[in-house]
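In order, the protein sequence lines correspond to chains A and B.
Note that my numbering gives residue 1010 to position 85 of the first sequence, counting from 1, and the numbers run on in steps of one.
Note that my numbering gives residue 994 to position 69 of the second sequence, counting from 1, and the numbers run on in steps of one.
2 protein chains.
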Amino acid sequence: MTPGQDTAPRVIPEASVARLAVYLRMLGELAEQGAETVSSEELAAATGVNSAKLRKDLSYIGSHGIRGVGYDVRALRYQLERVLGLDHRQAVALVGVGNLGHALAGYGGFGGRGFPVTALFDVDPDLVGVPINGILVEHVRAIPAVCAERGITIGMIATPGQAAQAVCNQLVAAGVRSILNFAPVVLQVPREVEVRKVDLAVELQILAFHVSRRAEPAVNGHAVNGVLP
Amino acid sequence: MTPGQDTAPRVIPEASVARLAVYLRMLGELAEQGAETVSSEELAAATGVNSAKLRKDLSYIGSHGIRGVGYDVRALRYQLERVLGLDHRQAVALVGVGNLGHALAGYGGFGGRGFPVTALFDVDPDLVGVPINGILVEHVRAIPAVCAERGITIGMIATPGQAAQAVCNQLVAAGVRSILNFAPVVLQVPREVEVRKVDLAVELQILAFHVSRRAEPAVNGHAVNGVLP
DNA sequence: GCAACTTTGTGCCCGCCTTCACAAGCGGCT
DNA sequence: AGCCGCTTGTGAAGGCGGGCACAAAGTTGC
């Protein structure tokens, strides 16, 4: 009866959760195309994963496909939505309406997938009071009031790096438990708050690394690695 | 002398590469603050990783810190830049100048970090010919010519999902070897092309999953998981 | 009603990554 | 000059996730 560990009969691995979301989207497309059932092989091919892995992922959510047939698209979709907590819409707050933030506010992929951005914040006086996509930009200092009032528990930070930690603190104080961070900063948060980081520059740097890796060995001996052995 | 495998005395693990980029940025900040040396403990704390992991990461690039002191900030920075292939700027092509694409084109974080976006493409006639951030938007069909001419090997795809695969094919045909994909689609590419995917909606869904996970156990027994044991 | 085929669910193994722990090395202090 | 304390680099162990392969289970055709 101690809260926490023993209440979870099956813990879903982090990596699986990420894939479940991908399966869900693909199921949506399949449903639109009129498919009623789908085999693990088909769904795996469409989402780019191993079919055994996919079946194992689905087994975590207690899903029951039909052997010899596959999975019922509608049922699986519904089940995935419930497990992922998408059966009710989750309001999202976005802080920082600059270049990236503006795009995020207008990005249809969020609202269409159950995450309407219902609050926008910035510090720029020129932006505060301006409506973007039908939402009024409010001053950052209004975060506690607005988030509490609208019951917002998910926040996105798209501010410059220097401002991110302060904004983060405000969000946490306002009751936000999950944060998607686009600022190139490692946020310090209490343990009960979850942060996911999306770092676009780092993504490009990883690509660049592989580019240079593939290019150098063909040039000559003293390549980028093994320089001072 | 056989090209390929044996020229690499140490293979850098994927997970390490991603962190190296993060270390690099933090080193930049430290350098601005005038720090001359940094210990693995400090740098690890600042980037949110375990210090032993950090040291192992750095050991992959043949780095030599000074025991009892730490790492020389300047030297380490320089070395990281070389290993990550950032010693020369890499031009980047961006396809899809919609909501997200527009923001990416204007995002200062790329050019500032050695990845100037030097080519923009779209199919929308209203966008083609319009300059964004000083770059003229060209038609998608110009991809081969432009990429070849400017020696572009890195591409970003920020189109709607349906268009992504076709655009991807064009980029690959144009000689692009690395692709950062923002479209919610699994791209099919030849083996020598590397794709990294950034899926914003999925990121939010992962957060939502944990939100509902934390909320449900406190409510009552028949929670979302363990429904049909 | 039976046989053959299809597809799921999962046990097992393997490899990668993370973390601990500690010896070796270097600078500063006396 | 020698000792002490700090920090690096790395061997070893543990855990997690991925993939193979197969038995169980259901369906279709005859």
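Note that CB positions come from ideal geometry on N, CA and C, so glycine has one too.
Asked, Found
"Is it true that the CB of VAL1114 (chain A) sits closer than 8 Å to the CB of VAL1097 (chain A)?", "yes"
"Please decide whether ASN975 (chain B) counts as near chain A, where near means a Cβ-Cβ distance under 8 Å.", "no"
"What residues in the stretch 1115-1137 of chain A have a beta carbon less than 7 Å from any beta carbon of chain B?", "GLU1119, ARG1121, VAL1123, LEU1125, ALA1126, VAL1127, GLU1128, LEU1129, GLN1130, ILE1131, LEU1132, ALA1133, PHE1134, HIS1135, VAL1136 and SER1137"
"Mind pulling the alpha helix (DSSP H) runs of 4 or more residues that sit fully within the stretch 1051-1099 of chain B?", "1068-1075 and 1086-1098"
"Show which residues of chain B have a CB atom less than 8 Å away from the CB atom of PHE1035 (chain A).", "LEU1125, ALA1126 and LEU1129"
"Return the chain-ordered list of same chain residues with a C-beta closer than 7 Å to the C-beta of VAL942 (chain B), the five sequence neighbours on each side being excluded.", "none"
"Could you tell me whether any Cβ in chain A is nearer than 8 Å to the Cβ of GLY990 (chain B)?", "no"
"Is there a C-beta anywhere in chain B that falls below 8 Å from the one on THR1084 (chain A)?", "no"
"Evaluate PRO1109 (chain A) with the Cβ neighbour count: other Cβ atoms within 10 Å of its Cβ, from every protein chain shown; 16 or more gives buried, anything less gives exposed.", "buried"
"What residues in the stretch 1094-1114 of chain B have a beta carbon less than 7 Å from any beta carbon of chain A?", "ARG1102, SER1103, LEU1105, PRO1109 and VAL1111"
"Using a Cβ cut-off of 8 Å (strictly closer), state whether VAL942 (chain B) contacts chain A.", "yes"
"DSSP puts LEU1105 (chain B) in a beta bridge; with which residues?", "B:MET1081 and B:ARG1121"
"Please confirm whether VAL1017 (chain B) and PHE1046 (chain B) have their CB atoms less than 8 Å apart.", "no"
"If contacts are defined as beta-carbon pairs under 8 Å, then VAL1053 (chain A) and VAL1062 (chain A) qualify, I think. What distance do you get, rounded to the angstrom?", "5 Å"
"Note the first and the last residue of the continuous alpha helix (DSSP H) segment covering LEU1005 (chain A).", "998-1008"
"In chain A, which residues lie with their C-beta within 8 Å of the C-beta of ARG1038 (chain B)?", "ALA1126, LEU1129 and GLN1130"
"Could you compute how far the alpha carbon of GLN1090 (chain B) sits from the alpha carbon of GLY1080 (chain B)?", "13 Å"
"Using a beta-carbon distance below 8 Å, is GLY1031 (chain B) in contact with chain A?", "yes"
"Note the first and the last residue of the continuous alpha helix (DSSP H) segment covering PHE1040 (chain A).", "Premise fails: PHE1040 (chain A) is in no alpha helix (DSSP H) and is neither H nor E."
"Taking the alpha-carbon positions, what's the GLN1087 (chain A) to GLU954 (chain B) distance?", "11 Å"
"Mapping DSSP to helix, strand and coil, what is ILE1131 (chain B)?", "helix"
"GLY995 (chain B): which of B:LEU1129, B:GLU966 and B:ALA970 sits nearest, CA to CA?", "B:GLU966"
"Quick one: Cα of TYR948 (chain B) to Cα of GLU1117 (chain B), how far?", "28 Å"
"For PRO1041 (chain A) and ILE937 (chain B), I'd like the C-alpha separation in whole angstroms.", "40 Å"
"Assuming contact is defined by CB atoms lying nearer than 8 Å, are LEU1129 (chain B) and ALA1083 (chain B) in contact in what I supplied?", "no"
"Report yes if the C-beta of ARG950 (chain B) is less than 7 Å from at least one heavy atom of the ligand ZN; otherwise report no.", "The ligand ZN is not among the ligands present in this structure, which contains no ligands whatsoever."
"Using the rule of at least 16 other Cβ atoms within 10 Å of the residue's Cβ for burial, across every protein chain shown, is GLU939 (chain A) buried or exposed?", "exposed"
"Going by DSSP in three states, VAL1114 (chain A) sits in which element: helix, strand or coil?", "coil"
"Could you name the residues of chain B that THR972 (chain A) contacts, counting a contact when the two beta carbons are closer than 8 Å?", "VAL1111"
"How long is the line joining the alpha carbons of GLY1076 (chain A) and LEU1025 (chain B), rounded to whole angstroms?", "27 Å"
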